[in-house]
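Student:
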Amino acid sequence: MVGQRLFSLLVVTTLLGACEISRTDDTAARTDATPANGAIVRLPAPADSEIPDGLLGASIRRGRALLAATPDSLPQHVGGQLRCTSCHLDDGTRVNAAPLVGVYARFPQYRDRSNSVATIQDRVNDCFERSMNGRALPFESRDMRDIVAWLAFLSRGTPVHRDTTPRGIPLLAAMSPDTARGRAEFVTTCAACHGMDGQGTPAGPPLWGPKSYNVGASMARLRTAASFIKYNMPNDRPGVLSEQQAFNLAAYVNSHSRPDLAGKENDWPNGNAPADVPYATRAKAQTADGGR
Ligand code: HEC
Ligand code: HEC
Numbered sequence: 031m032v033g034q035r036l037f038s039l040l041v042v043t044t045l046l047g048a049c050e051i052s053r054t055d056d057t058a059a060r061t062d063a064t065p066a067n068g069a070i071v072r073l074p075a076p077a078d079s080e081i082p083d084g085l086l087g088a089s090i091r092r093g094r095a096l097l098a099a100t101p102d103s104l105p106q107h108v109g110g111q112l113r114c115t116s117c118h119l120d121d122g123t124r125v126n127a128a129p130l131v132g133v134y135a136r137f138p139q140y141r142d143r144s145n146s147v148a149t150i151q152d153r154v155n156d157c158f159e160r161s162m163n164g165r166a167l168p169f170e171s172r173d174m175r176d177i178v179a180w181l182a183f184l185s186r187g188t189p190v191h192r193d194t195t196p197r198g199i200p201l202l203a204a205m206s207p208d209t210a211r212g213r214a215e216f217v218t219t220c221a222a223c224h225g226m227d228g229q230g231t232p233a234g235p236p237l238w239g240p241k242s243y244n245v246g247a248s249m250a251r252l253r254t255a256a257s258f259i260k261y262n263m264p265n266d267r268p269g270v271l272s273e274q275q276a277f278n279l280a281a282y283v284n285s286h287s288r289p290d291l292a293g294k295e296n297d298w299p300n301g302n303a304p305a306d307v308p309y310a311t312r313a314k315a316q317t318a319d320g321g322r
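Residue numbers for the sequence shown follow this note's numbering, so the first one is 31 and each next one is one higher.
1) ASP156: buried (16+ other C-beta within 10 angstroms of its C-beta) or exposed?
2) Using 7 angstroms as the cut-off, classify the Cβ of ALA99 as near or not near the heavy atoms of ligand 2, replying yes or no.
3) Output the distance between the C-alpha atoms of ALA77 and PRO200, rounded to the nearest integer angstrom.
4) Is the beta carbon of LEU112 within less than 7 angstroms of some heavy atom of ligand 4?
5) For GLU295, I'd like the list of residues in its chain whose CB is within less than 8 angstroms of its CB, leaving aside the five on either flank, ordered along the chain.
6) Rounded to whole angstroms, how far is the Cβ of ILE150 from the Cβ of PHE137, which I believe are closer than 8 angstroms?
7) What is the residue span of the beta strand (DSSP E) that ALA140 lies within?
8) Roughly how many angstroms separate the alpha carbons of TYR261 and CYS117, rounded to a whole number?
9) What are the boundary residues of the beta strand (DSSP E) that includes ALA148?
10) Say yes only if the C-beta of LEU271 is nearer than 7 angstroms to one or more non-hydrogen atoms of ligand 2, and no if none qualify.
11) Between the region 132-147 and the region 295-304, do at least 3 Cβ pairs fall closer than 8 angstroms?
12) Compute the Euclidean distance between the alpha carbons of THR219 and LEU86, then round it to the nearest angstrom.
13) Say yes only if the C-beta of TYR243 is nearer than 7 angstroms to one or more non-hydrogen atoms of ligand 2, and no if none qualify.
14) Would you identify the three-state DSSP class for GLY234, choosing helix, strand or coil?
15) May I have the straight-line CA-CA distance separating ASP120 from ASN163, to the nearest angstrom?
16) Is it the case that the region 94-101 contacts the region 207-223, given that we only count it when at least three CB pairs across the two stretches are under 8 angstroms?
17) Roughly how many angstroms lie between the CA atoms of LEU291 and GLY246, to the nearest whole one?
18) Taking 7 angstroms as the line, does the beta carbon of GLY68 fall inside it for any heavy atom of ligand 2?
19) Kindly indicate which three-state DSSP category THR209 falls into: helix, strand or coil?
Structure, rendered in structure tokens:
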């Protein structure tokens with residue numbers, strides 16, 4: 031891992047030089063030099079040897095463990111079978127998978143989806159309630175403190191509110207998906223790990239159904255899912271899919287039923303919900319066509 035990080039440091043230093051980061055809502059609109067050829071790029075994270083001794087170090091290590099074993103460690107707060115690192119790949123260091131390196135320095139932050147200022151705890155709980163289809167952690171709980179300690183450690187050296195680390199998943203331009211082709215591609219390219227029925231196997235987590243992310247999660251949006259899939263899947267050889275295939279697959283995955291989210295209609299109260307949000311909000315009626 032340390033060797034990989036040193037290697038990544040070199041790649042990323044080059045990358046960041048060519049990077050232009052802009053953002054609109056909770057999903058970053060990002061254009062950069064991210065390789066689409068399957069090269070896995072990780073952001074440099076502080077070495078384990080920098081974890082301090084004592085209670086703070088124990089808290090940091092426990093936070094990391096919670097993100098990697100979330101359903102087992104926090105069963106009261108996880109509704110499905112995903113762990114945080116099911117999407118925030120490589121312990122939150124994978125550059126194309128909503129990296130958590132530097133995230134602590136991006137908060138507090140204004141969020142369009144809630145039209146409010148979110149702290150890092152609010153943002154962690156958004157993923158508990160949506161991506162994990164679970165329940166929020168109390169801010170003052172040991173679990174939340176440990177998660178925040180780990181995210182802060184991962185963000186060591188990142189200047190506060192200066193946007194120096196890439197955020198989110200680099201979003202592909204919207205494309206019309208072919209769900210039937212997506213199904214065929216799923217069978218040949220994804221089912222071995224995620225199961226023919228999408229319910230997961232020991233080699234990959236569920237993609238739909240009761241143990242997956244709920245409809246309010248960013249991954250339930252066509253462009254977010256297509257972009258994640260394009261850059262990161264199949265897990266053992268990312269980069270083999272075309273953008274069109276990634277959209278077909280995302281549409282197929284998200285065409286299945288998944289848990290609902292109570293109150294989702296209150297999202298984006300200013301009426302600026304992105305086009306691929308798969309549900310109507312009160313501030314703006316939306317069609318479920320996903321992505322256009
Ligand atoms: C189903 C996939 C998925 C799972 C599981 C998931 N997340 Fe996320 N998470 C996302 C996506 C997608 C984003 C949005 C990235 C963006 O802004 O484009 C995100 C954003 C975040 C952010 C803000 C990142 C930033 O740079 O602004 C934090 C913090 C976070 N997640 C923490 C967690 C934690 C902690 C867990 C486990 C409790 C978790 N996530 C589980 C998909 C997931
Ligand atoms: C070799 C096994 C493997 C293959 C093939 C594979 N995946 Fe995955 N996938 C994984 C693993 C493992 C994770 C979670 C990573 C982790 O937990 O470290 C994952 C995570 C995901 C996630 C985010 C978490 C979730 O469950 O929602 C999505 C979406 C996804 N894969 C879609 C796909 C699609 C679509 C394909 C086909 C193109 C595919 N995967 C092929 C193993 C695989």
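The beta-carbon is built from N, C-alpha and C at its ideal position, and this holds for glycine as well.
Tutor: Let me spell this out:
1) To locate residue 156, count along the sequence shown from 1; it is residue 126. Classification for ASP156: buried.
2) Here residue 99 refers to the residue found at position 69 of the sequence shown. Answer for ALA99: no, Cβ out of range of ligand 2.
3) The residue you call residue 77 lines up with position 47 of the sequence shown. The residue you call residue 200 lines up with position 170 of the sequence shown. The straight-line gap from Cα to Cα measures roughly 26 angstroms.
4) Inclusion of ligand 4 in the displayed structure is not the case, the ligand content consisting of ligand 1 and ligand 2 alone.
5) Sequence index remark: in the sequence shown, residue 295 carries index 265 (1-based). Excluding positions up to five away in sequence, the list reads TYR309, ALA310, THR311, ARG312.
6) The residue you call residue 150 lines up with position 120 of the sequence shown. The residue you call residue 137 lines up with position 107 of the sequence shown. Rounded, the Cβ-Cβ distance is 4 angstroms, consistent with contact.
7) To locate residue 140, count along the sequence shown from 1; it is residue 110. Ala is not the amino acid found at residue 140; the sequence shown has Tyr there. Segment 139-141, the beta strand (DSSP E) holding TYR140.
8) Taking the sequence shown and counting its residues from 1, the one referred to as residue 261 is at position 231. Taking the sequence shown and counting its residues from 1, the one referred to as residue 117 is at position 87. TYR261 and CYS117 have their C-alpha atoms spaced approximately 12 angstroms apart.
9) As a first step, residue 148 must be located in the sequence shown, where it is residue number 118. Its beta strand (DSSP E) spans residues 146-148.
10) In the sequence shown, the residue the question calls residue 271 occupies position 241. For ligand 2, at least one heavy atom lies less than 7 angstroms from the Cβ of LEU271.
11) Enough Cβ pairs lie closer than 8 angstroms, so yes.
12) The count along the sequence shown starts at 1 and reaches residue 219 at position 189. The count along the sequence shown starts at 1 and reaches residue 86 at position 56. The alpha-carbon atoms of THR219 and LEU86 are separated by roughly 43 angstroms.
13) As a first step, residue 243 must be located in the sequence shown, where it is residue number 213. Yes, Cβ of TYR243 sits closer than 7 angstroms to a heavy atom of ligand 2.
14) What you label residue 234 is simply residue 204 of the sequence shown in a count that begins at 1. Of the three classes helix, strand and coil, the one that applies to GLY234 here is strand, per DSSP.
15) The sequence position of residue 120 within the sequence shown is 90, counting from 1. The sequence position of residue 163 within the sequence shown is 133, counting from 1. Their backbone Cα atoms lie some 21 angstroms apart in a straight line.
16) The region 207-223 is not in contact with the region 94-101.
17) Residue mapping note: residue 291 aligns to position 261 of the sequence shown, counting from 1. Residue mapping note: residue 246 aligns to position 216 of the sequence shown, counting from 1. Taking the straight line joining both Cα atoms gives about 6 angstroms.
18) Numbered from its first residue, the sequence shown carries residue 68 at position 38. Remark: the shortest separation between the CB of GLY68 and any heavy atom of ligand 2 does not fall under 7 angstroms.
19) Within the sequence shown, the letter at position 179 stands for residue 209. The answer is helix: DSSP assigns THR209 an H, G or I state.
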